[in-house]
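Each remark here refers to the structure printed beneath this line.
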Amino acid sequence: SAVISQKPSRDICQRGTSLTIQCQVDSQVTMMFWYRQQPGQSLTLIATANQGSEATYESGFVIDKFPISRPNLTFSTLTVSNMSPEDSSIYLCSVGLAGGSEQYFGPGTRLTVT
Amino acid sequence: AQSVAQPEDQVNVAEGNPLTVKCTYSVSGNPYLFWYVQYPNRGLQFLLKYITGDNLVKGSYGFEAEFNKSQTSFHLKKPSALVSDSALYFCAVRDETGRRALTFGSGTRLQVQP
Chain D
-12 SAVISQKPSR DICQRGTSLT IQCQVDSQVT MMFWYRQQPG QSLTLIATAN
38 QGSEATYESG FVIDKFPISR PNLTFSTLTV SNMSPEDSSI YLCSVGLAGG
88 SEQYFGPGTR LTVT
Chain S
591 AQSVAQPEDQ VNVAEGNPLT VKCTYSVSGN PYLFWYVQYP NRGLQFLLKY
641 ITGDNLVKGS YGFEAEFNKS QTSFHLKKPS ALVSDSALYF CAVRDETGRR
691 ALTFGSGTRL QVQP
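Sequence order for the protein chains is D and S. The working numbering applies: residue -12 is where the first sequence begins, and numbers increase by one. The working numbering applies: residue 591 is where the second sequence begins, and numbers increase by one.
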């Protein structure tokens, strides 16, 4: 498995501002993903964070709103830009290990936009 | 496109009784199937997976799941429920090729009564 940490664990932000969420893994991983879990709902994939190239976004998510960085094999950031109350969610990063099929998830960042 | 259905929003069971949480899936090709559990204010924890082989797979905390290809189901089971099993359970699927991102079901809340 992998140990994954996220910062911040939670935040309350004002409408129109941006927040950058950090994801740190204790080992080098090939695959990193960002998911969103809206209140009372399931997880939805935002994007796959690719090391050394642009992230691959899912339908309904765009780079201008959710820019992602992946500078190396152990770290990624997700920025939620120009926030609105609809962005209030838990944001989770996950990793897939080489040779494995399952993903391991970080503890999540609980974002509230007022 | 792949999808997962968890038909029950909530399952109630008495402590000591067997439990089943249902999951059906749709995917092109052979499925990779997973169960995750989410405790309040915590990230997702991996419970078990089916990739190939024996249709009955065993996982963490005494949970097991039965893969049924003809019924496209992957139900989670436990012979004797504990109050501490009360949590939110997610079934997830991906196909055997290409993208490793997961598609999640809507989740089932398990309540185990003492």
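Each residue gets a CB set at the ideal place from its N, CA and C atoms; glycine is no exception.
Any Cβ of chain S closer than 9 Å to the Cβ of residue 58 of chain D would place that residue at the interface, and such an atom is absent. Contact check for residue 18 of chain D against residue 35 of chain D passes: the beta carbons are separated by less than 9 Å.
Neighbours of residue 639 of chain S in chain D, taken as residues whose beta carbon is under 8 Å from its own, are 88, 89 in chain order. For a cut-off of 8 Å, the C-beta gap from residue 652 of chain S to residue 639 of chain S is around 16 Å, too long to register as a contact. Taking 7 Å as the upper bound on Cβ-Cβ separation, chain D lies near residues 622, 624, 632, 633, 634, 636, 639, 641 of the stretch 610 to 641 of chain S. Apart from sequence neighbours up to five positions away, the residues of its chain that approach residue 597 of chain S with a beta-carbon distance below 6 Å are 612, ordered along the chain.
DSSP assignment within the stretch 659 to 704 of chain S yields the following whole beta strand (DSSP E) runs of 3 residues or more, N-terminal first: 663 to 668, 677 to 685, 698 to 703.
The contact set of residue 32 of chain D on chain S, defined by CB atoms closer than 7 Å, consists of 691 in chain order. Considered as a whole, the stretch -2 to 32 of chain D harbours 6 to 12, 18 to 24 as its complete beta strand (DSSP E) runs of no fewer than 3 residues, in chain order. Counting along the chain, residue 52 of chain D sits inside no beta strand (DSSP E), nor does DSSP assign it H or E at all. Distances from the alpha-carbon of residue 87 of chain D to those of S:592, S:591, S:634, S:641 put S:641 closest. Classified as buried, residue -7 of chain D has 16 or more neighbouring CB atoms from the shown chains inside 10 Å of its CB. Secondary structure at residue -5 of chain D: coil, using DSSP grouped into helix, strand and coil. CA-CA distance, residue 614 of chain S to residue 648 of chain S, rounds to 18 Å. Beta-carbon to beta-carbon, residue 55 of chain D and residue 64 of chain D are separated by about 7 Å, close enough to satisfy the 8 Å threshold.
Annotation for residue 24 of chain D: 30, 76, 77, 79 place their beta carbon closer than 7 Å to its own, counting only its chain and skipping 5 residues before and after.
Interface annotation, residue 643 of chain S: not in contact with chain D, CB-CB separation never under 9 Å.
Bridge pairing for residue 83 of chain D: D:18, D:90 [DSSP]. The beta carbon of residue 45 of chain D sits closer than 7 Å to the beta carbons of 32, 33, 34 from its chain, once the five residues preceding and following it are set aside; these are given in chain order. The beta carbon of residue 83 of chain D lies closer than 6 Å to those of 18, 90 in the same chain, with the five residues before and after it left out.
By the neighbour-count criterion, in which a residue is buried when 16 or more other Cβ atoms sit within 10 angstroms of its Cβ, residue 47 of chain D is exposed.
Judged by DSSP in its simplified three-state form, residue 629 of chain S adopts coil rather than helix or strand.
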